[in-house]
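Student: This is the structure, below, for whatever I ask next.
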Amino acid sequence: MARKSPTYKNQLNKTSFQKRRQKRFNSSGTVFIYRKVKSSPPKTVPMLVSLIMPTFNRAHLIEETIKSVIAQTYKSWELIIIDDGSTDKTAIIISKYVHQHSNIHYFTRPSHLPKGANTCRNFGKSLARGEFIKWIDSDDILTPKALALQVDYLKYNPDIDVCISQIGFFHVEGGKQVFSKATWSPKIYAFDPIKDYLFNNIKWQTAAGLWRKQCLPNEPFDVHLKNSQEWIMHFKMLLRNVRFMCTDEVIYFVRYHDERMTSNRTNAKWAEYYYHQCLSRMMALEMLHQHEAYSFKLALRLVMFIGFNYMRVLRYRQLHYMNKGFKFLVKAMGILLGHTIITKYQQKMAPALS
Numbered sequence: 274m275a276r277k278s279p280t281y282k283n284q285l286n287k288t289s290f291q292k293r294r295q296k297r298f299n300s301s302g303t304v305f306i307y308r309k310v311k312s313s314p315p316k317t318v319p320m321l322v323s324l325i326m327p328t329f330n331r332a333h334l335i336e337e338t339i340k341s342v343i344a345q346t347y348k349s350w351e352l353i354i355i356d357d358g359s360t361d362k363t364a365i366i367i368s369k370y371v372h373q374h375s376n377i378h379y380f381t382r383p384s385h386l387p388k389g390a391n392t393c394r395n396f397g398k399s400l401a402r403g404e405f406i407k408w409i410d411s412d413d414i415l416t417p418k419a420l421a422l423q424v425d426y427l428k429y430n431p432d433i434d435v436c437i438s439q440i441g442f443f444h445v446e447g448g449k450q451v452f453s454k455a456t457w458s459p460k461i462y463a464f465d466p467i468k469d470y471l472f473n474n475i476k477w478q479t480a481a482g483l484w485r486k487q488c489l490p491n492e493p494f495d496v497h498l499k500n501s502q503e504w505i506m507h508f509k510m511l512l513r514n515v516r517f518m519c520t521d522e523v524i525y526f527v528r529y530h531d532e533r534m535t536s537n538r539t540n541a542k543w544a545e546y547y548y549h550q551c552l553s554r555m556m557a558l559e560m561l562h563q564h565e566a567y568s569f570k571l572a573l574r575l576v577m578f579i580g581f582n583y584m585r586v587l588r589y590r591q592l593h594y595m596n597k598g599f600k601f602l603v604k605a606m607g608i609l610l611g612h613t614i615i616t617k618y619q620q621k622m623a624p625a626l627s
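With this note's numbering, the residue at position 340 of the sequence shown is 613, and numbering never jumps.
Here it is in structure tokens:
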């Protein structure tokens, strides 16, 4: 049964909420609904899972993702869809489900926030009421028992902050879903998680995790990064000493399609891509520099990564990214050498001060 459109008097204090516009079709044509968004953080609902889905021009794909959420055997969930400014029929597709399901919510990215999936993920988290948080993409699908399995693991392991599960792959061929036998195997078994993460011995896909909201920062994703945002987010969480567990079940399938292909990138896009690879590792180096886990070996690993990707930036001869990347490389070398000199000086002076 369709919900009636809420109305607000003009004299209401506009600072207490932001108007969120969405379209829906009915017998009388197109109408607009304005969603009330509270300025204060929402109250957490125990055992509720908040699924946060950024989207942009995915009208042809998003319906499959929504249906996979609705099909969950675990029913205590809310789906928060954040539109990054779609110009296709995404809003029309979503509105049908919003009016059929009270736990599906649709918002547009606030205009004062920068465009991008990272902004949408952070904004979605600020609206989430669930005890648990899961980020998903608008072209992928969950298995029916995905939430039930991960919630059970966290329920019976209260000392664990995030449950990581297996990720599979699929594509559509002849109108049918074809599932690959290959999986994105999360590797999180390690005695030294930070070291193993920087050396790529452990890794996992963002949608593989179900997080306790209480362990997450207010804005987990960096809005300035065009790629590697998941990498740096996971690194931040490792520095915060979050506790992980890994399961063997495949609970989520990533879609392979033409939009994921990178063969049509221009030189400028490739240069931008590798520049942001450098930027993410520069951010990691600055965080590591202030952390007790800092070591010369770990810092050198990040500096080498920055240098390697800067060489890739040079390959595409984009002056803007070449100049900025060079500054990163110089700064990274300064952190590495400066920390080494200070450490050696302190070691030399320690006997005299004791």
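A virtual CB, placed ideally from N, CA and C, is assigned to each residue, including glycine.
Note that the structure is a prediction, hence the values are computed from the model and not measured.
Under the DSSP definition of a beta bridge, which residues are partnered with Leu415?
Tutor: DSSP output for Leu415 lists Tyr525 as bridge partner(s).
Student: Using the Cα positions of Ala455 and Val523, report the straight-line distance between them to the nearest angstrom.
Tutor: Approximately 11 Å, taken between the alpha carbons.
Student: Would you mind reading off the limits of the beta strand (DSSP E) that contains Arg402?
Tutor: Run containing Arg402: none; DSSP gives neither H nor E here.
Student: Could you name the residues of the same chain whose beta carbon sits closer than 8 Å to that of Val451, not counting the 5 residues immediately before and after it, in chain order?
Tutor: Phe443, His444, Val445.
Student: Skipping 5 residues on each side, what residues in its chain have a beta carbon closer than 7 Å to that of Tyr594?
Tutor: Same-chain partners within the cutoff: Ala544, Glu545, Tyr548, Val586.
Student: Determine the DSSP secondary structure at Ile306, reduced to helix, strand or coil.
Tutor: Low per-residue confidence applies at Ile306: pLDDT is 36, beneath 50, and the placement is therefore not dependable, though the value from the model is reported in the following sentence. Strand.
Student: Please work out which residues of its chain come closer than 7 Å, Cβ to Cβ, to Glu336, disregarding the five sequence neighbours upstream and downstream, and give them in chain order.
Tutor: So the qualifying residues of the chain are Ile366.
Student: Measure the C-alpha to C-alpha separation of Gly403 and Ile608 and round it to an integer number of angstroms.
Tutor: Those two C-alpha atoms are separated by around 40 Å.
Student: Do you know offhand how far Leu422's Cα is from Trp457's?
Tutor: Cα-Cα distance, rounded: 18 Å.
Student: Take the Cβ of Leu610 as the centre, count every other Cβ of all protein chains shown within 10 Å, and call the residue buried at 16 or more, exposed below.
Tutor: Exposed, because fewer than 16 other Cβ atoms sit within 10 Å of the Cβ of Leu610.
Student: Using 8 Å as the threshold, is the segment 327-347 in touch with the segment 494-513, meaning 3 or more CB pairs across them?
Tutor: Touching, no.
Student: In the DSSP assignment, what residue or residues form a beta bridge with Lys407?
Tutor: Beta-bridge pairing links Lys407 to Leu324.
Student: Classify Thr218 as helix, strand or coil using the three-state DSSP reduction.
Tutor: In the structure as shown, the chain begins at 274 and stops at 627. Residue 218 is therefore absent and cannot be evaluated.
Student: For Ser425, which three-state DSSP category applies?
Tutor: Looking at the sequence itself, residue 425 is Asp, so the reference to Ser does not match. Helix.
Student: Can you give the beta carbon distance from Leu575 to Ala605, rounded, assuming they're within the 8 Å contact cut?
Tutor: The Cβ separation is near 7 Å, so the contact holds.
Student: Where does Gly607 sit, in a helix, a strand or coil, going by DSSP?
Tutor: Correct three-state label for Gly607: helix.
Student: Unbroken alpha helix (DSSP H) runs of length 4 or more, entirely within the segment 326-407: which are they?
Tutor: Whole alpha helix (DSSP H) segments, 4+ residues: 335-343, 363-373, 390-400.
Student: Contact check, Ala344 vs Pro417 under 8 Å by CB: the rounded distance?
Tutor: So it is a contact: roughly 5 Å between Cβ atoms.
Student: Assuming Leu489 contacts Ile406 under a Cβ cut-off of 8 Å, what Cβ separation, rounded to an integer in Å, is found between them?
Tutor: Confirmed, Cβ separation roughly 6 Å.
Student: Taking Asp412 and Arg528 to be in contact with their CB atoms under 8 Å, please state how far apart those CB atoms are, rounded to whole angstroms.
Tutor: Indeed, because the Cβ distance is near 5 Å, the residues count as touching under 8 Å.
Student: Run the CB neighbour count on Asp434, radius 10 Å, all protein chains shown included, and call it buried at 16 or more, exposed below.
Tutor: With 16 or more other Cβ atoms within 10 Å, it is buried.
Student: Strictly by DSSP, which residues pair up with Arg243?
Tutor: Any property of residue 243 remains undetermined from this structure, which presents the chain solely from 274 to 627.
Student: Is the distance from the Cβ of Asn338 to the Cβ of Lys486 below 9 Å?
Tutor: In the sequence as displayed, the identity of residue 338 is Thr instead of Asn. Not a contact, by the Cβ cut-off of 9 Å.
Student: Which whole runs of the alpha helix (DSSP H) in the segment 435-506 are 4 residues long or more, in chain order?
Tutor: Counting only runs of 4 or more, we get 466-471.
Student: In the structure shown, what three-state DSSP assignment does Ile318 receive?
Tutor: For clarity, residue 318 is Val in the given sequence; the question names Ile instead. Note: Val318 maps to strand in three-state DSSP.
Student: Taking the C-alpha atoms as reference points, what is the distance between Tyr525 and Ile437?
Tutor: Distance between the alpha carbons of Tyr525 and Ile437: 11 Å.
Student: Does the beta-carbon of Ala421, which I'm using as the reference point, lie nearer than 8 Å to any heavy atom of the ligand SAM?
Tutor: Among the components modelled here there is no ligand, and therefore nothing to report on the ligand SAM.
Student: Three-state secondary structure (DSSP) at Ser301?
Tutor: The predicted position of Ser301 is uncertain, since its pLDDT is 30 and thus under 50; a value taken from the coordinates is nonetheless stated next. It is coil, neither helix nor strand.
Student: Pull up the distance between the alpha-carbon of Ile221 and that of Ser568, whole angstroms please.
Tutor: Nothing can be reported for residue 221: it is not among the residues displayed for the chain, which extend from 274 to 627.
Student: Within the 9 Å Cβ cut-off, does Leu610 reach chain B?
Tutor: In the structure shown, chain B does not exist; there is a single protein chain.
Student: So, for Asn395: in the same chain, excluding its five sequence neighbours on each side, which residues have a beta-carbon less than 6 Å away from its beta-carbon?
Tutor: So the qualifying residues of the chain are Glu492, Phe494.
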